[in-house]
Each structure stands twice: as structure tokens, then as C-alpha cells.
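To start, the structure under review is shown below, and the notes come after it.
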Amino acid sequence: KMSSGAADLRQRKKENCSESDKMAPEQTNKENSKLGRSPKYMLIQRFAKLFFGCLAAVTSGMMYAVYLSTYHERKFWFSSRQELEREITFQGDSAIYYSFYKELLKAPSFERGVYELTHNNKTVSLKTINAVQQMTLYPELIASVLYQASGSEEVIEPVYFYIGIVFGLQGIYVTALFVTSWVMSGTWLAGMLTVAWFIINRTDTTRIDYSIPSRENWALPYFACQVAALTGYLKKNLNCSAEKFCYLLVNASTYTFMMMWEYSHYLLFVQAVSLFLLDSFALAQTEKVHEVYKIYLFSLFLGYLLQFENSALLVSPLLSFVAALMLSKCLQMNMKKGTFMSRLLKIMYIYLVLTVAVTLNFLLKMFVPHKENEHLLKFIEVKLGLNTTKNFTMNWLLCQESLQAPSQDFFLRLTQSSLLPFYILVLIICLFSVTQVIFRRIRGEPLKETVKLEDGRIGERPEIVYHVIHTILLGCLAMCLEGMKYLWTPYVCMLAAFGVCSPELWMTLFKWLRLKAVHPILLALILSMAVPTIIGFSLWKEFFPRIMTELTELQEFYDPDTVELMTWIKRQAPVAAVFAGSPQLMGVIKLCTGWTVSSLPLYNDDDLLKRNENIYQIYSKRSAEDIYKILTSYKANFLVIEDSICNEVGPVRGCRVKDLLDIANGHVVCEEDDNYAYSKYGRFCHEIKMNYSPYVNYFTRVYWNRSYFVYRINTVISFQS
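In this text, residue positions in the sequence shown follow my numbering: the first is 608, and each later residue adds one.
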């Protein structure tokens, strides 16, 4: 029965392809005959439109990549810096990622370099890690292979090659958004407006300014390509060759995206929920949606194998959700009959899928050994107000700007660029249209095979409905966590640009208004050209001078204290030395010197999180003996204290590192809504600078400047007072 069902499905797909291939030229010929145009003329016109659209898309991507490169050069004076000064511009986790790229290039062979990364014991003291798996270093593997295989060693420096690839991917990102908007609206004017809004709102669309090697900057361009291909794949009456191309592109980009970012399966889960809702309301071809589900399963399987049997993928919500959908597939196909009972079963089907998905995920977590980030679940509990905690790590995460609700400035910036008002307008029109279509489907009315402009039914196009649902879901996440805006805002740019450039959207609005004074089709065509043109000119007038000022204005980025510290470490510290300090500084020390460190600025490993919390105690009110025991337990030889953390004056009291440590250690007394820090010991980072006993018994100052104080951790201790 299963084999015959699969055969029937393949046969239906072949029939649909052949029917669409036959219908397309017939419809084109009818339209041509009505307009009095020859098929040859129309072919030339379509080719010219496609050629200039592709040229505009590629040019937009290339110009954006050049813009990023120029801005980066102006900001950091990269070409005039020494290697050490360039490397200091990589901060936090970015420094760790780039340091592994350097190690791969220094290895005698690529195979040896990969082996050293998968059995790495030179990065974190007393810990052997599989850096490729734990830190998702596939981008660095690819970059190092390309650098060596292309013979670029004699042409370009490694750092320029690395950031050049990232900037190139950002160009692909913009091109994919351009194409998505173009495919949805039918005009590449929408693509141009998408790119303009994306660049103008760069502060809220990308993190490329702050963290070039971050995993999102490598992964999100592939996700944008996947979304563009999925948009084309969901379209009705698509000819077979275009459908196969989109299907293959969805396959390749989904798998690549999953390999580039450890959190990719969560974003794909949001996409899967969007497709599930699209299919549940019978607004798309079920066969196409289930083909995408199979792509998810295939990508998860390949990712599990090639990511060293990554158990996080087995317990991911994506796998449980898609498996539940596939198990309920046969039931769903039998329900689309149009009867009252089938509509009732449709609601039960949604409940069934959600129940099976939750149950399956629970069972997988019970039986599959995994190291899923428990701190993420605890963070969600505290974030939603379901629990309270004094834990340093939890409170530190809650204080991060990216994990707080978006500020008013974010909405103000989107409004000033006119993006938010037009997005809300487009979203409201599409939502009302989709709601109308859903009610028609509930009443049993079939969808039209082809939606014409005069119909004014933009909500019947499956690719439009998908993007509406997708942006709403991403928007809900962005309203909770500001860091999620980098996933949401690019698609806000795309959807808003599509809407104002789409005659169908304006026609849908005019159908509701029942315009009679002016021909609605003519007015819709005029507005779809006039509105984006006016928006484009206003954006050009207001924001183009600012962008040119950014590119021409030389900025100063120089950190002499950090340069001096790194120089001292490379010249004076023993090769086998282990350094302890804040995780962010340890990342820079690892990159610039290659020395072993006691902690890293990574937050996906419970052991590293515990290390970070323990070593941060150097800024707490603990005794010299306690700090000494903590540091020697990690075999640390040198301690680096940062004056900026020790004397931090944060804008939010209670979110400074020392405040969070006092809360976690119970050194805070609350009286009449005021908090008082209390401990029988002074703050360690202050007391150690006084050079008196017992601090001098455990630690010896060996180097200092305005920002950093370096202490050697004594191996032989004198307990004389």
C-alpha cells in the first residue's frame, strides 16, 4: 500500500508538471494575442527583464560587499596596521574563531590541522575538546582549504582573505533578499528597495560591524538563499525545470546552513511551523510542503553524521516536529474532503501533530544521551518570570543587551527610514486577505488555479502567506529578545518592499474599498511604480549623504594598552604558561599569542560556563586564599585583572560583573529597597593592588599599565604576615 501510494504521488507530480508546462505557453499565447504581440517579442521582453533584473541583483550584492570592505578599512585603518593590531580588532568569541583559522594555516597539512582541532588540548587548560564540533568551525575549515587550494598565499594575507569571504557572503545575503522580493512582486524595483532599506537599517539587520567571524554572518546568507528558493518552489503553476532548480537549491542551502551554525535547527523549526500552518489551512500544495519536510530530515541526518554524531540534532524540536508531521501525513491526506467532519478532524489533526511532537521530543531526551544546553531552558524560565535565580551566569545572560526586549530606539530607527510604517501596512492587507481565504476554505470553496491581477486576492498565493506567517513568528521572537532582530528585520525589509511594489497588493486594497471613480487596475499599476519611486528618492536624499560620510570619515581605533599586554606576554611569559582572566580577554590572548588560557568566551558548554563563573571571582569579595585555590585548580600561572571591570561604572546598577558576583555569593543585604554589599573581605581586584599580606604571599605583580595588571601565581607560598 505504501509503495502504491508513493507511486501515485510521483505520478500526480509528473501530471502536475506536464500540465503546468502545457498551461504556461497556452496562457502566454492567449495574453499575447489579446495584446496583439508576437511570441518572439514577448520572449525578448522576458529575457531582457530577467537579464537586467539578475544584473541589478548581482550588482547590488557586489556593491554592498565593497561598501562593507571600505567601511571596515575606514573604521580600523586595517591596511596600515601591524598583524597584532589587526588581530586585536577581533573581540570575544570572534577572536577564538579566527585563532583556529590561523592554526589551520600554520599546520604542516590540512589533515594534521583538522586532527589537532578535533583533539585540541592547547586552548583550554586541563581540557581536551573537539573544537570543530563544539565551536562549529566548518567555516574556518572551508576558508583555510580555499586559501591554500587557490594559491592565495603569495597574493593576499590570510586575514584579508578571511574577512573578504565573510563580506562576499554578505553580498550573497543581500542578493538573495533582492531575488526573494523580485520573485514575489514580479519587479526588480522591489529588490532595489529591499537592498536600500537593508543598508540604511544596517544597525538592525546585521552584526557584521561588531563581530565579523560570528556564526550568523557565515550562516544567514545560506538561509536567505534557502528562503529565496523556497519562495519560488511554493509558487503555483511553476514549470518543471524551475521547480527542480528551486528544489535542489533548497536542498543544498538547507544543509549548508545547518553545518554553519549550531543554532540553525531552531530557525528551521520556526520555518517548519510556518509551513505547517500554511499546509493546515490548505493554502499550499501538500506534496511540496512534505518534500521540504524530507529535506529537513535529510539535512538533520547528514548533519548528525558529519558533526561527529551531534546528539543535539536528535533532540532538536525540528526533528520531533517534522517526524510528527510525517507520521500524521496519511491522516491529513484523507481529511481534505470538504465535509464538516473533515473540517472538525482538521482541528484535531493540528492538536494531534503538536501532541505527538512534544511527546516524541520528551522520549528522545529520555533515551538519547545528549549535552543540550540546560542553561538555555533555565534562562527561558527566568526570562518568562516562571522562576528567580541568584546564579551568576543566568543573571549575566539576562543583563546582556541582545537578550533583553528591544528598546524604543530600535522602533524609532525603523520608523525614521519609513520601513516600519510600510511593513505594518503591507502586513495588515496581507493578513486580512489571508483571513478571507481561510474562511473560504473552511466553507469548502476551492482555491483558484491562477490568481489574476483583477481578482485582488493576494492571500491566495502560498509564497506570500508563508512569508506573512514567517515574519510574524520571527517578529514575536524579536519582541522578546533584541538579538533576534537580526533575523527579523531583513525579512521586514523584503516584505515591505514587495508590498509597495506589488500591483496585486494595491488591487486587493482597492477591491475592499470598491473604487469606481478611477479604474482600479490602472491605479494599482501606477501606485506600484510611483510609491517605491517616491520612497527611493526620499531615502536617497536623506540617507545617501550619511552613508557617504561613513565611507569618507576616518575613524580612530587604537588600543595601545592591549597591544603592550600582548607584546609583553609574547616576549616574557613562558611558552607553557596558562593565563586566567575574563573570558573576553582570554579569547584575545589566545588569538594574539597562542598561549593556553583557563576559560573561553563561549556559552554553549556547561563546563566552560562554570569555569567562567569561577574565574570571574577575581572581581568578587573573596579571600586571597579562595581565589588562589580556584586559579591553581585550573593550573593557571598568570592572572590578568582588567581595570575596566574592577572599576566598572555601568549604566544599569545590578548588571555590573561585580554586582552579579555579590548577589551570587550572598554578599548583598537588602534593607528598605536599598542593596548593600557586605563581606569581611574587600574586593579582590582592589585589594591585590595594595601589595600587602596575604595577597603578596600568593601573587606577585610582574606587569601593569593603565588598563591591565598581570600577576604571577606563586608556586611556593610564604605565609608570613
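Even for Gly, the Cβ is constructed at its ideal location relative to N, Cα and C.
Residue nearest to residue i in terms of C-alpha spacing, selected from the options
i        : options                                   : result
Leu-1010 : Met-1091, Asp-1233 and Lys-1217           : Met-1091
Ile-1071 : Ser-701, Leu-796, Lys-842 and Trp-804     : Lys-842
Met-742  : Ser-818, Arg-814 and Phe-707              : Phe-707
Gly-1289 : Gln-1179, Leu-1122, Lys-1228 and Phe-654  : Lys-1228
Phe-1105 : Met-1136, Met-1193 and Ser-1300           : Met-1136
Thr-730  : Gly-1194, Thr-1115 and Glu-1157           : Gly-1194
Leu-1134 : Phe-1150, Leu-1146 and Thr-1115           : Thr-1115
Ile-749  : Leu-932, Ala-826, Asp-1213 and Ile-806    : Ala-826
Ile-1076 : Ala-1085, Lys-1059, Leu-1038 and Pro-1110 : Leu-1038
Val-989  : Lys-936, Tyr-1210 and Cys-1006            : Cys-1006
Thr-666  : Phe-697, Arg-693, Ala-702 and Val-802     : Val-802
Ala-1243 : Ser-1205, Phe-888 and Tyr-1223            : Ser-1205
Met-1101 : Ala-797, Arg-681 and Lys-709              : Ala-797
Ser-1240 : Tyr-1285, Ile-1270, Val-1185 and Leu-1032 : Val-1185
Gln-1181 : Gly-1201, Leu-1238 and Glu-1171           : Checking the sequence shown, residue 1181 turns out to be Pro, not Gln. Closest option to Pro-1181, Cα to Cα, is Gly-1201.
Phe-697  : Val-766, Ser-757 and Arg-653              : Val-766
Arg-1178 : Arg-693, Leu-657 and Val-1309             : Val-1309
Pro-1069 : Phe-888, Val-1256, Glu-690 and Ala-1183   : Phe-888
Pro-1167 : Leu-691, Leu-1019, Ser-686 and Arg-653    : Leu-691
Leu-776  : Asn-808, Phe-830 and Val-752              : Phe-830
Leu-1198 : Glu-1171, Tyr-705, Leu-657 and Phe-774    : Tyr-705
Glu-1149 : His-679, Asn-808 and Tyr-903              : Asn-808
8 Å contact criterion, which residue i and residue j should meet: CB distance rounded
i        : j        : result
Gly-1066 : Val-1099 : Actually they are not in contact, since the Cβ atoms of Gly-1066 and Val-1099 sit about 19 Å apart, beyond 8 Å.
Phe-999  : Leu-1268 : 6 Å
Cys-1262 : Tyr-1226 : Not a contact, Cβ separation roughly 14 Å.
Gly-668  : Ile-779  : 6 Å
Asp-811  : Leu-1021 : 7 Å
Leu-1112 : Ile-1036 : 6 Å
Ile-770  : Ile-819  : 5 Å
Same chain only: Cβ atoms within 6 Å of residue i, ignoring 5 sequence neighbours per side
i        : result
Tyr-754  : Phe-768
Lys-641  : Low local confidence applies: a pLDDT of 47 at Lys-641 is under 50, so the model's placement there is unreliable, and no value is given.
Leu-837  : Val-857
Phe-1316 : Ile-1248
Asn-994  : Glu-988
Leu-907  : Leu-920 and Leu-926
Val-739  : Leu-724 and Thr-725
Ser-1286 : Lys-1228 and His-1274
Glu-761  : none
Trp-868  : Arg-822 and Ala-826
Neighbourhood of residue i by C-beta distance below 7 Å, restricted to the same chain and skipping five residues each side
i        : result
Met-630  : Confidence at Met-630 is low in this model, with a pLDDT of 48, below 50, so its placement is unreliable and the value that follows should be read with caution. Excluding residues within five positions, the ones whose Cβ falls inside 7 Å are Asn-844.
Glu-1008 : Glu-1089
Asp-615  : Below a pLDDT of 50, predicted positions are generally treated as unreliable, and Asp-615, at 47, falls in that range; the measurement from the model is reported next regardless. The answer is none, since no qualifying residue turns up.
Tyr-840  : Glu-850, Cys-853, Tyr-854, Val-857 and Lys-895
Tyr-1302 : Ala-1231, Glu-1294 and Ile-1295
Ala-964  : Ser-927, Phe-928 and Ala-931
Leu-1019 : none
8 Å Cβ cutoff, residue i in contact with chain D
i        : result
Ala-1103 : Among the chains in the structure shown there is no chain D, since it carries only a single protein chain.
Contacts around residue i, its chain only, beta-carbon distance under 8 Å, and the 5 residues preceding and following it disregarded
i        : result
Phe-1306 : Ala-1231, Tyr-1235, Leu-1246, Ile-1295, Tyr-1318, Arg-1319, Ile-1320 and Asn-1321
Ile-1142 : Leu-800, Ser-1025, Phe-1029 and Val-1107
Thr-635  : The predicted model places Thr-635 with a pLDDT of 47, which falls under 50 and marks its position as unreliable; any figure quoted below should be read in that light. Answer for Thr-635: Pro-646 and Met-649, listed in chain order.
Val-877  : His-1077, Leu-1080, Leu-1081 and Leu-1084
Ala-664  : Thr-782, Phe-785, Val-786, Trp-789, Trp-795 and Gly-798
Glu-814  : In the sequence as displayed, the identity of residue 814 is Arg instead of Glu. Hits under 8 Å: Ser-821, Glu-823, Asn-824 and Tyr-1093.
Ile-651  : none
Met-1173 : Leu-691, Ile-695, Val-1195, Ile-1196, Cys-1199 and Thr-1200
Trp-1311 : Val-1317
Residue i Cβ short of 7 Å to the ligand NAD heavy atom set
i        : result
Leu-1038 : With respect to the ligand NAD, the structure offers nothing, as it holds no ligand at all.
Checklist entry - Would you say the region 768-787 touches the region 1078-1091, given that touching needs at least three Cβ pairs under 8 Å? => result no
Checklist entry - Touch check for the region 786-801 and the region 700-720: three-plus C-beta pairs under 8 Å? => result no
Next on the checklist: To test your reading of the DSSP string, which unbroken alpha helix (DSSP H) runs of 4 or more residues are found completely within the region 1091-1169?
Outcome noted: Listed in chain order, they are 1092-1108, 1110-1120 and 1127-1159.
Next on the checklist: As an exercise, report each continuous alpha helix (DSSP H) stretch of at least 4 residues that is fully enclosed by the region 752-828, in chain order.
Outcome noted: List check, alpha helix (DSSP H) in window: 765-792, 795-807 and 809-812.
Item to check | At least 3 beta-carbon pairs within less than 8 Å: the region 851-861 vs the region 911-930 | outcome: no
Checklist entry - Do three or more CB pairs link the region 1183-1194 to the region 1205-1225 at distances below 8 Å? => result The region 1183-1194 vs the region 1205-1225: in contact.
Checklist entry - Do three or more CB pairs link the region 858-876 to the region 893-903 at distances below 8 Å? => result yes
Checklist entry - Residue ranges of each beta strand (DSSP E) run of no fewer than 3 residues wholly in the region 881-913, ordered along the chain? => result none
Checklist entry - If you pair each beta-carbon of the region 1206-1215 with each one of the region 1140-1158, do three or more pairs fall below 8 Å? => result No: the two stretches stay apart, fewer than three of their Cβ pairs being nearer than 8 Å.
Item to check | Inter-stretch contact at 8 Å, needing at least 3 Cβ pairs: the region 956-967 / the region 905-917 | outcome: no
Next on the checklist: Threshold first: 4 residues or longer. Then list the alpha helix (DSSP H) segments lying entirely within the region 1020-1098, N to C.
Outcome noted: 1026-1049 and 1069-1087
Item to check | Whole runs of the alpha helix (DSSP H) within the region 666-729, excluding any shorter than 4 residues | outcome: 690-695, 700-713 and 717-725
Next on the checklist: Give the list of continuous beta strand (DSSP E) stretches no shorter than 3 residues that lie fully inside the region 1170-1200.
Outcome noted: 1185-1187
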